[in-house]
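Engineer: In the UniProt record's numbering, the protein residues as written are 1 to 296. Where a beta carbon is used, it is the ideal one built from N, C-alpha and C, also for glycine. Just dropping this structure here.
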Amino acid sequence: MKSINPARRPWSAPPGLNLLRVVRPVRTFPGVTKIEINGANLAYDDTGDGTPVLMLHAGIADRRMWRGQVQALAARHRVIAVDLRGYGDSELPTDPFAHHDDVVGLLDALELPRAALVGCSFGGAVAIDTALAYPDRVGALALFGTAVSGSEWSDEANDLWDDLVGETDPEDFAATAAGEVRFWVVGPGRRPEDVDPELIRFAEEMDRRALAAELALSAVEVDELDPPAIERLGELRVPVLVAAGAADVPDIGRLADRIAAEVPGAVRLPDVPDAGHLLPLERPDAVNGALLDFLR
């Protein structure tokens with residue numbers, strides 16, 4: 001099953017390896033804007049003006065999961081929604097890399113000294129890692145159903161996975177996506193018929209693509225923070241907002257509680273009622289209201 005931080009293979013950079021951010025001009029592909037960062041063409045959408053906000057998607061999704069937030073935030077902010085390396089429309093070269101280096105590389109390419117980072121699930125973990133690795137580049141963190149690198153599942157969560165998903169063929173993307181959406185989007189306390197069928201359809205479609213991305217990512221060395229973020233939450237010195245869906249896997253709510261307890265000044269919102277893991281998609285009005293208030 002996916003770990004709470006679904007980043008893939010940790011590695012240690014060999015001595016002398018220089019992870020320089022390589023920035024090249026923006027390239028327009030059919031219907032998609034991409035820019036080369038650290039040797040990979042990353043896809044992103046750039047909407048609005050004002051203080052910059054960078055949106056980082058969940059590990060079962062891509063930048064489209066923020067479709068309910070972009071226009072609402074763009075009235076006050078410059079909103080950038082990116083596909084992380086290998087996901088969605090972004091490319092995956094075989095060279096070692098770190099997602100947090102790519103995030104800052106994108107800020108450099110767009111000539112943004114700082115940005116607020118908004119992350120869901122795995123995207124939240126990347127946001128936290130970026131704030132720890134590059135504290136001067138992150139102005140605030142808004143985290144929804146977030147993961148944290150280095151955190152581990154409880155026995156309860158593993159049992160829930162076995163009950164709701166069970167064994168699947170990792171190369172059968174359709175079956176695996178259906179199981180993962182049952183676990184993450186529907187959640188352990190709801191039935192599929194309790195959830196908007198369009199949300200389930202869209203989540204499964206995104207997750208099929210994400211599963212293909214993760215299969216490819218398993219062959220690439222992905223750098224992670226050492227020590228991991230779960231051991232360094234108290235080092236964060238930016239405003240932090242954290243929220244979870246009331247119908248999400250219980251471990252996610254507990255992780256939000258831990259962030260609120262360990263990060264100085266962090267704001268823990270009440271769990272969003274009747275919302276699972278992709279709460280920005282499922283409850284956009286609640287998320288938009290929280291973001292507009294937090295980012296003002």
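Going by beta-carbon coordinates alone, are residue 86 and residue 62 separated by less than 8 Å?
Structural biologist: No, the Cβ-Cβ distance between residue 86 and residue 62 is not below 8 Å.
Engineer: Does the Cβ-Cβ distance between residue 285 and residue 268 come in under 8 Å?
Structural biologist: Contact flag unset, no.
Engineer: Find the nearest neighbour of residue 229 within the set 148, 184, 32, 250, judged by alpha-carbon distance.
Structural biologist: Checking every option, the nearest Cα to that of residue 229 belongs to 148.
Engineer: Whose C-beta lies closer than 7 Å to the C-beta of residue 177 among residues of the same chain, with five residues either side of it excluded?
Structural biologist: 204, 207, 208, 211, listed in sequence order.
Engineer: Nearest to residue 231 by alpha carbon, out of 33, 250, 255?
Structural biologist: For residue 231, the nearest C-alpha among the options comes from 255.
Engineer: Which residue from 74, 102, 94 puts its Cα closest to that of residue 82?
Structural biologist: The candidate whose alpha carbon is nearest that of residue 82 is 102.
Engineer: By the 10 Å Cβ neighbour count, where 16 or more other Cβ atoms means buried, how is residue 71 classified, buried or exposed?
Structural biologist: Exposed: under 16 other Cβ atoms inside 10 Å.
Engineer: Measure the C-alpha to C-alpha separation of residue 144 and residue 294 and round it to an integer number of angstroms.
Structural biologist: Approximately 13 Å between the Cα atoms of the pair.
Engineer: Based on Cα-Cα distance, which residue from 132, 65, 69 lies nearest to residue 225?
Structural biologist: Out of 132, 65, 69, 132 has the C-alpha closest to the C-alpha of residue 225.
Engineer: Are residue 220 and residue 106 close, meaning C-beta to C-beta below 8 Å?
Structural biologist: No. Outside cutoff.
Engineer: Just to confirm before moving on: does the CB-CB distance between residue 77 and residue 52 stay below 8 Å?
Structural biologist: It is a contact, given that the beta carbons lie within the stated cut-off.
Engineer: Could you work out which residue in 66, 165, 214 is closest to residue 117 when comparing CA atoms only?
Structural biologist: Out of 66, 165, 214, 66 has the C-alpha closest to the C-alpha of residue 117.
Engineer: Within the stretch 176-257, note down every full beta strand (DSSP E) run reaching 3 residues or more, in order along the chain.
Structural biologist: Segments of the beta strand (DSSP E) lying fully in the stretch 176-257: 240-243.
Engineer: According to DSSP, which residues form a beta bridge with residue 97?
Structural biologist: The partner list for residue 97 (beta bridge, DSSP) reads 222.
Engineer: Using CA atoms only, rank isn't needed, just tell me which of 287, 104, 80 is closest to residue 271.
Structural biologist: Minimum Cα distance to residue 271 is reached at 287.
Engineer: Which two residues bound the contiguous beta strand (DSSP E) that contains residue 141?
Structural biologist: Residue 141 -> beta strand (DSSP E) spans 138-144.
Engineer: Counting Cβ pairs closer than 8 Å, one from the stretch 110-127 and one from the stretch 45-60, do we hit at least three?
Structural biologist: Touching, per the Cβ criterion.
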